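K.L.:
Submitted below is the structure of interest, expressed as structure tokens.
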Amino acid sequence: MKPNEQLSALIKRFPGPSNHAIGDDAASKEVQSLVAELLASGDETIGDLVDLIVEPANSTTEDAKARFLLHAAVVSVGGPGKESQRKQLAAALTASLADEVSREVAACLIRELQWIAGAEHATALGKLLTDETLCDDAARALANIGGEAAAAQLRERLDKAEGKQRLTILQHLGTLRDRKSAEALQTAAADADAQVRITAVWALANMGEPSAVDVVLKAADTEGYERVQNTKSCLLLAERLAEGGHKNDARKIYRSLQETRSDASEAYVREAAERKLAATKS
Amino acid sequence: MPSKPKTSRRKFLQASAGAATVFTIVPRHVLGGPGQTAPSDTFGGALIGCGGRGGGTYGEMCKGLSVQQLAQCDVKFVDRADNKMFYTDFRRVLDRKDIDLIAIATPPHWHALISIAAAEAGKDVLCEKPMTRFIAEGRAVVAAFERYNRIFQIGTFGRFGRPGAQTHKIMASGLLKTCEGVHIKRGGLKVKEWSGTPNLSPQPVPKNLDWDMYCGPSPLKPFDGRRFGGTHRGYWDYDGGGLGDMGQHAYDPIQWTFAKDHTSPVEIEAHAPPAHPEVTGLWGWVEMKYADGLTLVMDSGEWGKAYDRQEPREVKLSDLSVEDQEKLKAMPEPEPLRTFAEAVKTRQPAGGHPEAAHRAVTLLHLANLAIRTGRKIKYDPVKEQVIGDDEANRLVNQPMRAPWHL
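Order-wise, the sequence lines are chains F and X.
Using this note's numbering, you'd call the opening residue of the first sequence number 2 and step up by one each time.
Using this note's numbering, you'd call the opening residue of the second sequence number 219 and step up by one each time.
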């Protein structure tokens, strides 16, 4: 059978659009068979499957089934002992991203890659960080991949990113606890945009960066929501530092909060710092 | 702690009458602190999430306390927000120093973030179930409330009746090394009712709705009314289907009965059809085993054959040796659980405290993990990680859309 006829047959047999159509064990096993047939059919058929996925506004039964079948395949290859199949399918999806697909379709593919992408797919996902629509999905896929491969992609695009994309990149550098971006984050901690400042300060705290103590403490000397968030980051940084053996730096933070949170409205912060300070001494 | 001069509420209000035209509850921290009694024990309260469950959740928060509602916040208040009583952005509510207590009744994808932000702002929280949308959120909530020593109570109360108190006593005693108990709950999980509708077409966003804020940490997807207002339960982006709605009600008391508030199952297996990427769907049963042998089973009764691997089996006194039975008799009975009101007043943990609520909702998340992956899950309840399954682990801690993060 030609690939498109093979795919057509798979789609025809696949229940959908939701799993309500998979009524019993036998139907469930049939779906698993369809997935196995799809994976065995090769990259061209997988590419043809992707071609069936259309923008949500134009959705058809075929599109609905294609999405479900693709996801079932992704979940199947994500399990233990299926490394080569996982890599093959992720590579096929990444290759489809490089084709001219609409942003909505690309978003669908990236969300599947969030399940199975590995370090080898970081570069392809990194290219999408500059796309306003796809940046969030791509960044979350990189966060799932983790490690230096993902962090490098985020770092590489930070300087040129603006607005929401810049915020997204800063946040996920924090999620990945990427110490190599500490300097860039310390710069961002003084940004004109309050949310950028809050995110950068949190990212520094989350990675437990010892050189950021003064920056984080200074950032917490402000008002309103930013003060509360940056105070949280102070406490978080102190916890990370204490865990990492930097107890003196942690105590510096706690003492600073103890001294500066003198208003009754912040008694709970002062008390938190005092408890933690006592714990670092024991 | 430096002492503050006692000031009556009336004098304070007279002094500030020129500046304030709105009746103001004097913040409790102004008039009283540890060791001092405020002239008024009225708390400032706020409701975040004013949909179907909002009123009920707020009412639960107020039980046993004198609370004046000072704010209501909902993403569908775009047309009425005045940032005095009505808000669309919960951060503005949490900024207010006159608000002490927060009731959270948003969809679940916001529960952890708002709970954490409330603790960071010094508030106590009563939060609707399910506590969280994924496992790592729960641990973050536990950490936040511990860090700031704030009170949290989950919005389910079945454990307060202390169901199966003798079983609880046996399980909590540490005397039973191997547990042969099998607890099967059949039905009542609204699986089909809360299944989502896939393949939605984009619709115009209603003018009174801040859709970006509604989506929050979840992906910004085109609006459709079914992603909102109750039927949100059918979308993985916001909830966990029928398990998300009913599971914490059902399993929180069971978890208390079996004294499992500080641990989780180590093996989870589901009997279910392949799961859809976007929407929750049908499933049959989920079997969960703890390290000590206890088995909990969720049997939806809504797909496939009923669970028949094991028969139900109670934990019995006779499971203990005679000697251990005597030891058990000498042990104290389980203490009454503290209500939210009692916890707020005494600053001691509530009965539905963060760790307990997190472990209970983890049961639902582990069940959904097994359903969504179609694989037997092995789980480390100390590290709170799936063992040997990276794909499943990606669902344990899910990256959020900026600027939202744990």
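Positions of the beta carbon are idealized from the N, C-alpha and C atoms, including for glycine.
Computed from a prediction, not measured in an experiment: that's the story for all the values here.
With a floor of 4 residues, list each alpha helix (DSSP H) that falls wholly inside the segment 204-272 of chain F, ordered by position along the chain.
P.N.:
Entirely contained in the segment 204-272 of chain F, the alpha helix (DSSP H) runs reaching 4 residues are, in chain order, 214-220, 225-244, 248-261.
K.L.:
Does any residue of chain X bring its CB to less than 9 Å from the CB of F:H72?
P.N.:
Cβ-Cβ to chain X under 9 Å: yes for F:H72.
K.L.:
Using beta-carbon positions only, say whether F:A189 and F:R178 come within less than 9 Å of one another.
P.N.:
The answer is no: Cβ separation not under 9 Å.
K.L.:
Using a Cβ cut-off of 9 Å (strictly closer), state whether F:E113 contacts chain X.
P.N.:
So yes, F:E113 belongs to the interface.
K.L.:
Can you check DSSP and say which residues form a bridge with X:L265?
P.N.:
According to DSSP, X:L265 bridges with X:Q290, X:A321.
K.L.:
Would you mind listing the alpha helix (DSSP H) stretches within the segment 411-469 of chain X that are 4+ residues and don't spill past its ends, in chain order?
P.N.:
Entirely contained in the segment 411-469 of chain X, the alpha helix (DSSP H) runs reaching 4 residues are, in chain order, 429-433.
K.L.:
Which stretch, first to last residue, makes up the beta strand (DSSP E) that contains X:V504?
P.N.:
Note, X:V504: beta strand (DSSP E), 503-507.
K.L.:
Between the segment 215-228 of chain F and chain X, which residues of the former have a C-beta closer than 9 Å to a C-beta of the latter?
P.N.:
Taking 9 Å as the Cβ-Cβ cut-off against chain X, the residues of the segment 215-228 of chain F that qualify are G225, Y226.
K.L.:
Pull out every residue of the segment 250-272 of chain F whose Cβ sits closer than 7 Å to any Cβ of chain X, in chain order.
P.N.:
Going along the segment 250-272 of chain F in chain order, one finds A265, S266, A268, Y269, E272 with a Cβ nearer than 7 Å to chain X.
K.L.:
Please classify F:N20: is it buried, with 16 or more other beta-carbons within 10 angstroms of its beta-carbon, or exposed?
P.N.:
Per the 10 Å Cβ criterion, buried.
K.L.:
Is there a Cβ from chain F that is less than 9 Å from the Cβ of X:E609?
P.N.:
It does; some Cβ of chain F falls within 9 Å.
K.L.:
Please name the residue, chosen from X:T557, X:A559, X:T564, X:H583, that lies closest to X:T498 on a Cα-to-Cα basis.
P.N.:
Comparing Cα-Cα distances from X:T498 to each of X:T557, X:A559, X:T564, X:H583, the minimum goes to X:H583.
K.L.:
At a CB-CB cut-off below 7 Å, which residues of chain F make contact with X:A575?
P.N.:
Going along chain F, no residue has its Cβ under 7 Å from X:A575, so there is no contact; the nearest lies around 21 Å.
K.L.:
What is the C-beta distance between X:V409 and X:L514, in whole angstroms, given that I count them as a contact (C-beta under 8 Å)?
P.N.:
That pair is no contact at about 17 Å.
K.L.:
Counting only beta-carbon atoms, is F:R276 nearer than 9 Å to chain X?
P.N.:
Closer than 9 Å: yes.
K.L.:
By Cβ distance below 6 Å, which residues in the same chain neighbour X:M618 in space, the five residues on each side in sequence not counted?
P.N.:
So the list reads P435, once near-sequence residues are dropped.
K.L.:
Give me whichever residues DSSP pairs with X:M389 in a beta bridge.
P.N.:
For X:M389, which the question treats as bridged, DSSP gives no partner whatsoever.
K.L.:
Could you list which residues in chain X have their beta carbon closer than 7 Å to that of F:D26, in chain order?
P.N.:
By Cβ distance, chain X contributes G522.
K.L.:
Could you tell me which chain F residues have their CB closer than 9 Å to the CB of X:D313, listed as they occur along the chain?
P.N.:
Simply G225, Y226, V229.
K.L.:
Would you tell me roughly how many angstroms separate the C-alpha atoms of X:N426 and X:S413, rounded to the nearest one?
P.N.:
C-alpha separation (whole angstroms): 26 Å.
K.L.:
So, helix, strand or coil for X:L344, using DSSP?
P.N.:
Of the three classes helix, strand and coil, the one that applies to X:L344 here is strand, per DSSP.
K.L.:
Would you mind reading off the limits of the beta strand (DSSP E) that contains F:T102?
P.N.:
The residue asked about is misnamed: residue 102 of chain F is Val in this sequence, not Thr. Where F:V102 is concerned, there is no enclosing beta strand (DSSP E), given that its DSSP letter is neither H nor E.
K.L.:
Taking the alpha carbon of X:Y597 as the reference point, which residue from X:F363, X:I605, X:L461 has its own alpha carbon closest?
P.N.:
The shortest Cα separation from X:Y597 among X:F363, X:I605, X:L461 belongs to X:I605.
K.L.:
Taking Cβ to Cβ, would you say F:A221 is nearer than 9 Å to F:S212?
P.N.:
No, these two residues do not count as a Cβ contact at 9 Å.
K.L.:
Should X:L613 be labelled buried (16 or more other beta-carbon atoms within 10 Å of its own) or exposed?
P.N.:
Buried, because 16 or more other Cβ atoms sit within 10 Å of the Cβ of X:L613.
K.L.:
Would you kindly check if the distance between the Cβ of F:A91 and the Cβ of F:I117 is under 9 Å?
P.N.:
Yes, the Cβ-Cβ distance between F:I117 and F:A91 is below 9 Å.
K.L.:
Would you mind giving the Cβ-Cβ distance between X:D608 and X:R593, rounded to the nearest angstrom? I have them listed as a contact below 8 Å.
P.N.:
Contact doesn't hold; Cβ gap of about 12 Å is too wide.
K.L.:
I'd like to know whether the C-beta of F:K165 is nearer than 9 Å to at least one C-beta of chain X.
P.N.:
Closer than 9 Å to some Cβ of chain X, the Cβ of F:K165 qualifies, so yes.
K.L.:
Spatial neighbours of X:T350 within its chain, please: CB distance less than 8 Å, with the 5 preceding and 5 following residues excluded, ordered by chain position.
P.N.:
Counting only Cβ-Cβ distances below 8 Å, and skipping sequence neighbours, we find P326, H329, A330, G356, V359, H576, V579, H583.
K.L.:
Residues in the segment 567-600 of chain X with C-beta within 9 Å of chain F's C-beta atoms, listed in sequence order?
P.N.:
For the segment 567-600 of chain X, which is checked against every Cβ of chain F, the residues closer than 9 Å are R590, T591, G592, R593.
K.L.:
Hey, could you find the ends of the alpha helix (DSSP H) F:L40 is sitting in?
P.N.:
That run of the alpha helix (DSSP H) goes 26-42.
K.L.:
Quick check on F:K66: buried or exposed, where buried means 16 or more other Cβ atoms within 10 Å of its Cβ?
P.N.:
Buried, because 16 or more other Cβ atoms sit within 10 Å of the Cβ of F:K66.
K.L.:
Are the Cβ atoms of F:K282 and F:L236 separated by less than 9 Å?
P.N.:
Result no, Cβ atoms of F:K282 and F:L236 do not sit closer than 9 Å.
K.L.:
Which residue's Cα is closest to the Cα of X:T591: X:T557, X:L581, X:S536, X:A493?
P.N.:
Comparing Cα-Cα distances from X:T591 to each of X:T557, X:L581, X:S536, X:A493, the minimum goes to X:A493.
K.L.:
In three-state DSSP terms, what is X:Y305?
P.N.:
X:Y305 falls in the strand class under three-state DSSP.
K.L.:
For X:M279, report the span of its beta strand (DSSP E) as first-last.
P.N.:
Counting along the chain, X:M279 falls outside any beta strand (DSSP E), though it belongs to the alpha helix (DSSP H) covering 272-280.
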